[in-house]
Structure formats: C-alpha cells, structure tokens
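Student: All the letters of the sequence shown, read from the start, carry residue numbers 6 to 237 under the numbering used here. From the three backbone atoms N, C-alpha and C, an ideal C-beta is built for every residue, glycine too. Only a predicted model underlies this, so the values are computations on that prediction, with no experimental measurement involved. Just passing along the structure, written as structure tokens.
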Amino acid sequence: MRTRALGPLLRSAAILLAAGTGCLASEPGQPAASVTLKALPRPLAWMNQPLAFQVLGADALAITAAKGTDLYPSDGKLNATAPMLLFPADGSFVLTVQARVDFGKEFDGGFLVAYADEQHWAKLLFEKSHYGPPSVCSAVTKGEVDDCVNGDIVGNTVWLRMTRNGDEMAFYDSLDGKRWTYVRLFKVPHQGPLRIGFASQAPVSGQCRTVFSHISYSPKPPADFWSGAPAQ
C-alpha cells in the first residue's frame with residue numbers, strides 16, 4: 006500500500022490501524038510520547054528516544070537504536086541510553102515475545118527489560134556476541150551488574166520470556182516458541198514500582214533495529230516453572 010504517495014492523513018490512519026488491528030503498519034519515524042498495543046493492558050512510554058520506531062500490528066513493533074546506545078556499565082559508569090518502551094508491571098505476569106535483530110557489529114541486540122531505576126534493573130538480551138555468533142544473555146542489577154551468557158543461537162531470531170511471581174522473576178528463551186529453556190531465576194530488582202517492556206541497543210554499530218512480534222502478556226504468575234508458561 007502506497008501510504009507515502011497518499012499523504013500525511015493516510016499515514017496517520019495507517020499508524021492508528023496498526024496499533025489497534027494489525028491491518029496496516031506505520032512508516033518508520035519518530036514516536037509519539039506514548040504507544041498503545043492491543044496485546045498489552047496499558048500504554049507504553051519511552052525512556053530514551055529511538056532513532057526510529059514502527060508499530061507493525063496489534064502485537065508487533067520495531068525499535069531502532071542509534072549508535073552508542075546501551076544499558077550496561079562502561080568505563081565504570083552506567084550507560085543507560087538504550088531506547089526502552091515500558092509500561093507498569095503487575096505483581097505477577099508473563100511477558101512473551103519473538104525478537105528478530107538486524108545484527109551488524111558486536112553487542113548489537115534487542116532485549117526485554119524490567120526497570121526501576123539506574124541501580125535496579127534486569128534485562129534478557131539477544132545480542133551479537135564478542136565472539137561472533139548471536140547469543141542469549143542476561144544482566145540483573147542491584148547496585149552492581151551480575152551478567153551471564155546462556156548460549157549461542159543460529160540465526161537472528163529467538164523467542165524471549167520474562168515472568169514474575171511475587172518477589173521472584175525468571176527469564177526463558179526458545180527457538181520455536183513451544184519448547185522453552187529456563188535461563189535464570191532472581192529476586193525482583195526493586196520492591197517499588199517496576200516498568201517492563203522492549204528495547205534495542207547499538208553500542209558499536211551505527212544503528213540496530215529489533216522487531217518484537219507475537220507479543221503476549223498475562224497478569225498471572227507462570228503455571229510451570231521450567232517453561233514459564235502462563236496460567237490459564
């Protein structure tokens with residue numbers, strides 16, 4: 006559909022339809038202050054502006070990070086510049102997504118994030134590793150960062166899942182969205198308000214685009230610890 010040729014009015018309509026029904030996708034561009042997706046229970050707001058952003062459907066979006074953006078300590082100081090699209094979390098939840106990353110240079114990546122403040126956050130990251138292959142890794146921060154690498158992934162697409170059950174959180178990954186692998190269990194980084202959502206990073210590359218699709222959210226604790234599957 007040639008929305009570019011039909012003018013600003015139709016472009017605006019395409020953005021609204023994409024957010025509500027998934028029938029049309031918005032063009033890449035600067036985002037609004039808040040974003041609404043049918044798949045999520047409340048609006049999302051930006052922490053750090055992206056280079057570009059698209060709503061791709063009722064359960065899909067794309068975030069492009071600019072060069073130098075990250076959520077990780079660098080030279081003894083936290084670099085918290087990654088564009089993050091967040092919404093307030095429930096006391097228990099299951100957030101699931103398929104992430105496809107346009108990898109360029111090392112550390113390009115897309116991630117799920119739970120964020121309270123600069124000293125209290127956690128992320129489940131799919132990135133191009135220093136060693137070459139894409140990998141799933143995680144970082145949990147309570148003043149200091151505790152990170153680990155879970156394993157290499159063939160290709161540029163993986164499923165990610167983040168769960169919360171009271172004061173416990175867990176990360177999972179999957180190659181097909183059906184068989185899940187437990188990544189790590191940890192205490193909620195902060196007992197105050199917690200926001201969760203989606204982010205992209207490009208510490209070295211000129212930019213990095215991540216497409217988050219098949220987004221689903223349940224405000225219930227996981228029914229199965231080993232897969233993180235939501236309760237019915």
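(1) List the residues that DSSP assigns as beta-bridge partners of Phe203.
(2) Go ahead and pull the three-state DSSP assignment for Trp231.
(3) When you compare only the Cα positions, how much space is there between Tyr222 and Cys142?
(4) Out of Ser97, Ala104, Gly148, Leu190, which has the shortest C-alpha to C-alpha gap to Leu130?
(5) Quick one: grab the DSSP three-state call for Gln212.
(6) Just the C-alpha distance for Asp324 and Pro46, rounded to the nearest angstrom, thanks.
(7) Taking the alpha-carbon positions, what's the Ala30 to Phe217 distance?
(8) Can the beta-carbon of Pro88 be found closer than 9 Å to that of Met52?
(9) Is Ser134 helix, strand or coil when you go by DSSP?
(10) Restricting to Cα atoms, I'd like to know which of Leu83, Lys133, Thr162, Leu117 is closest to Glu123.
(11) Select from Gly81, Asp107, Gly96, Ser79 the residue whose C-alpha is nearest the C-alpha of Gln70.
(12) Is the distance from the Cβ of Leu76 to the Cβ of Gly202 below 9 Å?
(13) In whole angstroms, give me the CA-to-CA distance for Trp121 and Arg214.
(14) Going along the chain, which residues of its own chain have a beta-carbon closer than 7 Å to the beta-carbon of His125, five neighbours each way excluded?
Tutor: Reading it off the structure:
(1) Reading the sequence shown from its first residue, position 198 is the one you call residue 203. Phe203 is bridged by DSSP to Leu90, Leu117.
(2) Stepping through the sequence shown from its first residue, residue 231 is reached at position 226. In the structure shown, Trp231 sits in coil (DSSP, three-state: anything other than H, G, I, E or B).
(3) Locating residue 222 in the sequence shown gives position 217, where the first residue counts as 1. Locating residue 142 in the sequence shown gives position 137, where the first residue counts as 1. Distance between Tyr222 and Cys142, taken at the CA atoms: about 22 Å.
(4) Here residue 130 refers to the residue found at position 125 of the sequence shown. Minimum Cα-Cα distance from Leu130 among the listed residues Ser97, Ala104, Gly148, Leu190 corresponds to Ala104.
(5) As a position in the sequence shown, residue 212 is number 207, starting the count at 1. Residue state, collapsed to three classes: strand.
(6) Given a span of 6 to 237 for the chain in the structure shown, any question on residue 324 remains unanswerable.
(7) Against the sequence shown, residue 30 aligns to sequence position 25. Against the sequence shown, residue 217 aligns to sequence position 212. Low per-residue confidence applies at Ala30: pLDDT is 49, beneath 50, and the placement is therefore not dependable, though the value from the model is reported in the following sentence. So the alpha carbons of these two residues sit roughly 13 Å apart.
(8) The sequence position of residue 88 within the sequence shown is 83, counting from 1. The sequence position of residue 52 within the sequence shown is 47, counting from 1. Yes; because the gap between Cβ atoms is below 9 Å, this pair is in contact.
(9) Position 129 of the sequence shown holds residue 134. For Ser134, the secondary structure class from DSSP, reduced to helix, strand or coil, is coil.
(10) Locating residue 123 in the sequence shown gives position 118, counting from the first residue. Of the listed residues, the one whose Cα sits closest to Glu123 is Leu83.
(11) Locating residue 70 in the sequence shown gives position 65, where the first residue counts as 1. First, the amino acid is wrong: residue 70 is Ala here, not Gln. Nearest option by C-alpha distance: Asp107.
(12) Here the question's residue 76 lines up with position 71 in the sequence shown. Here the question's residue 202 lines up with position 197 in the sequence shown. It is not a contact, given that the beta carbons lie outside the stated cut-off.
(13) Working through the sequence shown from its first residue, we reach residue 121 at position 116. Working through the sequence shown from its first residue, we reach residue 214 at position 209. Per the sequence shown, residue 121 should be read as Ala rather than Trp. Ala121 and Arg214: Cα-Cα distance of roughly 24 Å.
(14) What you label residue 125 is simply residue 120 of the sequence shown in a count that begins at 1. Short of 7 Å from the beta carbon of His125, and not among the five residues preceding or following it, lie these beta carbons of its own chain, in chain order: Thr146, Lys147, Pro194, His195.
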